[in-house]
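Quick notes on the structure that follows.
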Amino acid sequence: MIGLRSPGIARVAALAAHCDDLAIGAGGSLLTLCTARPGIRVDALVLSGGGTEREDEERAALEAFCPGADLRVTVLKLPDGRLPAHWDEAKAAVEELRSRTDPDLLFAPWSKDAHQDHRGLAKLVPTAFRNHLALSYEIVKWDGDLAAPSVYQPLAPDIAEAKVSLLQEHYPSQRSKPWYDREAFLGLARIRGIECHARYAEAFHVNKLTLDLEN
Numbered sequence: 024m025i026g027l028r029s030p031g032i033a034r035v036a037a038l039a040a041h042c043d044d045l046a047i048g049a050g051g052s053l054l055t056l057c058t059a060r061p062g063i064r065v066d067a068l069v070l071s072g073g074g075t076e077r078e079d080e081e082r083a084a085l086e087a088f089c090p091g092a093d094l095r096v097t098v099l100k101l102p103d104g105r106l107p108a109h110w111d112e113a114k115a116a117v118e119e120l121r122s123r124t125d126p127d128l129l130f131a132p133w134s135k136d137a138h139q140d141h142r143g144l145a146k147l148v149p150t151a152f153r154n155h156l157a158l159s160y161e162i163v164k165w166d167g168d169l170a171a172p173s174v175y176q177p178l179a180p181d182i183a184e185a186k187v188s189l190l191q192e193h194y195p196s197q198r199s200k201p202w203y204d205r206e207a208f209l210g211l212a213r214i215r216g217i218e219c220h221a222r223y224a225e226a227f228h229v230n231k232l233t234l235d236l237e238n
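Mapped onto our numbering, the consecutive letters of the sequence shown carry residue numbers 24 to 238.
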C-alpha cells in the first residue's frame, strides 16, 4: 500500500447529522489522531439530538474518543430525518463552524450515503470548507450503501477494540437496534483492514486531494 504522512495536523473539524455518526464512522481514527497528538483541537458539529439524552451521550462519547484534545462540541436540535426541510438552518450551522475554525482535516458524511440527512450534510460541507481535505466516513446500515472507499486509516487492534467498547458504553439508547452490535462494527473494520493489508481499518471517500510532492 502507498501511504502519505501528514505531521502538521493541529486542527480537526468533525461533522455529523446525528449523535453517534462520528463515533461509528471515524471513532477509531479520532482515537488514533488524538492519542498521537495531545492538545489537538477538535471542533465537532452534530445537527440533531440537542436537548435530549442523545446529546449527553454524544458529549461523553466524544470526550472518550478524543482523549487529551481541545474538544469543542456543538449539538443542535434539527429534527432527525428532516434535514432537507431545514436546509437553511443546517447551512448556517456549517458556515458558523467554518467561521471559527480553519481545520487541517475534516471528517464528514459521504455525498452518496443513502440517508438523506447524511447526504444533505455532505453536500453542504464543500460550500463552506472549500479548500480543505475532507474524509467522508461510512456508516453501515439497512440501506446497504457501502461502496469501494479510496482512503484507509489502519487501526491497531487495541484501538479497534476500544472503539467497539466505547460505542457500546456511551450510546445505550442505540443498543436495541438490530445492527448496533460488536460484530457489525468490528466486522466492517476487519474487512477494511483486509483491503489495506492491516488487521483493522476505517475507510473513507475523498472527493479532492492535492499533493505537495516538493515537501
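Ideal placement from N, C-alpha and C gives every residue a C-beta, glycine not left out.
How should A36 be labelled, buried or exposed, when 16 other C-beta atoms within 10 angstroms of its C-beta is the threshold for buried? buried
Could you spell out the range, first to last residue, of the alpha helix (DSSP H) harbouring L209? 205-218
N-terminal and C-terminal residue of the alpha helix (DSSP H) that A59 is part of: 44-59
On the three-state DSSP scale, how would you describe R105? coil
Short check: CB of A207 to CB of Y175, under 7 Å? no
With H, G and I counted as helix, E and B as strand and the rest as coil, what does DSSP make of S173? coil
My output table needs one value for T97: the three-state DSSP class, helix, strand or coil. strand
Take D93 as the anchor and find which of H109, P132, A67 has the nearest alpha-carbon. A67
Through-space distance from G73 to E80, alpha-carbon basis: 11 Å
Contiguous beta strand (DSSP E) assignments of at least 3 residues, all confined to the segment 105-176: 128-131, 157-160
Which first and last residues belong to the beta strand (DSSP E) in which H228 is found? 223-228
From A84, V229, T150, residue whose alpha carbon lies closest to that of A113: T150
If the criterion is Cβ atoms closer than 7 Å, does the pair G51 and K200 meet it? no
Please determine if the segment 159-172 and the segment 115-128 are in contact, where contact requires at least 3 C-beta pairs separated by less than 8 Å. no
Spatial neighbours of D140 within its chain, please: CB distance less than 6 Å, with the 5 preceding and 5 following residues excluded, ordered by chain position. A40, L106
Would you decide whether L234 is buried or exposed? Buried here means 16 or more other CB atoms lie within 10 Å of its CB. exposed
Exposed or buried, what is L188 when buried is set at 16 or more other beta-carbons lying within 10 Å of its beta-carbon? A small correction: the amino acid at residue 188 is Ser; Leu does not occupy that position in the sequence shown. The residue in question, S188, is exposed, as its Cβ has fewer than 16 Cβ neighbours within 10 Å.
Excluding the 5 residues preceding and the 5 following H109 in the sequence, name in chain order all residues of the same chain whose CB lies nearer than 8 Å to its CB. L101, P102
Going straight from the alpha carbon of Q197 to that of Y203, what length do you get? 7 Å
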